[in-house]
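One structure below.
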Amino acid sequence: MRILFFTDTHIRGNTPRNRLDDFPETVAAKLREVIHIVHERNVDLAIHGGDLFDLPNPALGTAREFLKILRELETPLYLVPGNHDMFGYNAETLNRSIVGLAADLGLFTLMQAGQVYEIAKDGLKLHLSACPFHYELDRREPQLDYCVKKKDCDVAIHVVHGMLVQRPLFAGAAYTLIEKILTTEADVTLAGHNHLGFPTLCIEGKWFSNPGALVRLENHTAEMSRMPSVLLIEIDGEIRLRTIQLKSARPGEQVLDRSKLEAEQYRAEKLAGFLQLVRQTSSFETVDLQGIVQQIAELHGVSSEVARKALELLAKAEESMKEGIDPEQTG
């Protein structure tokens, strides 16, 4: 059995300010190359790690153009919802997103938490599971989201749209170390969300991999040298993982604007100073909306249900603003 994994395509209809090329045209070329790899290598199953579009409600013209490309894929596609696929970190809003619509039209299977998808070929039984993005991911006990039990199958693959990393990140960041989830029984754990990815690892007979985002949205130094890739998984009595670099991907200096890098670094330094000032004058360790709600709940003993409801209301407000509706009229 052959499986192709790719993630974080962040499809959008315009070009980010950090790019020098025609970004929609570049993404379209990459998607067509992915489809070509799937067909050329007789891949049985394709998996997308989340953040198909850059917004949950892209322009209809953009959605139409790229969903037509995905229709060219003749292999079953499974997708784990990412934070950009939904409003306000709330998976319940997927039915109002383009990703939810595309899934309803049968373009791919939208994977749900707690559900096992069984795929069989030539006597091999594969169990596929996923953890979509949610507001507690990488903040609560990692075993709840990253670790699964293997039962009645030959191979278990678990896919998470979470910040799985090899080494600790900066203070206040939400992430999960690979070493913290070695109790999982999944043979292969795949991750998205972290655009830089990390090299494929095999620890105690278990594989962990994130080939990185299919696109480069930022002109960070690490992105300048990174080449977008996909991951090929081959299972035939043993498991083999290898990355395939996209031929359509051009070197970073040809598509990322280095002239803005110095200005970005200056702004980053100013932002870091501001964040430090905020931390010195308040009890919060983060300034992202999700983290603030989480920390308010913890500081004041608010139940997780109340915190979840707060994020649901914020998601509705976000959705209404993006659609040009007065949020006070939505109830």
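Residue numbers (the numbering used here): 39 to 369.
Each residue gets a CB set at the ideal place from its N, CA and C atoms; glycine is no exception.
Taking 6 Å as the limit between beta carbons, can you name the residues of its chain near residue i, skipping five residues before and five after?
i    : result
A224 : V186, A194, H196
E272 : R40, R278
V226 : I195, W245
H231 : H199, G200, M201
R55  : none
A140 : L105
Whole angstroms are fine: how far does the CA of residue j sit from the CA of residue i?
i    : j    : result
T238 : D190 : 26 Å
P119 : R40  : 22 Å
R280 : S341 : 44 Å
G235 : P289 : 17 Å
N286 : L115 : One point to set straight first is that residue 286 is Ser, not Asn, in the sequence displayed. Straight-line Cα distance between these residues: approximately 21 Å.
K68  : D160 : 31 Å
R177 : Y127 : 14 Å
T222 : L162 : 21 Å
S267 : L202 : 18 Å
D192 : R57  : 44 Å
Q204 : F43  : 19 Å
I49  : M124 : 14 Å
T100 : L255 : 18 Å
D295 : T259 : 11 Å
L269 : N80  : 14 Å
For residue i, which residues of its own chain have a beta-carbon under 7 Å away from its beta-carbon, when the five flanking residues on both sides are left out?
i    : result
L351 : none
Just grab the DSSP bridge partners of residue i for me.
i    : result
F44  : H86
I273 : I277
F91  : I49
S167 : H196
S342 : S342 pairs with nothing; no bridge assigned.
N121 : Paired residue(s): none; N121 is not in a bridge.
If contacts are defined as beta-carbon pairs under 8 Å, then residue i and residue j qualify, I think. What distance do you get, rounded to the angstrom?
i    : j    : result
E71  : L284 : 5 Å
S247 : L220 : Actually they do not touch by this definition, with Cβ atoms about 15 Å apart.
**OP:** Tell me, please, whether the stretch 76 to 83 touches the stretch 133 to 152 by the rule of three or more beta-carbon pairs shorter than 8 Å.
**Re:** no
Original post:
Counting pairs of beta carbons, one from the stretch 207 to 215 and one from the stretch 162 to 173, are three or more of them closer than 8 Å?
Top reply: no
Original post:
Does the pairing of the stretch 89 to 103 with the stretch 126 to 141 give three or more beta-carbon distances under 8 Å?
Top reply: yes
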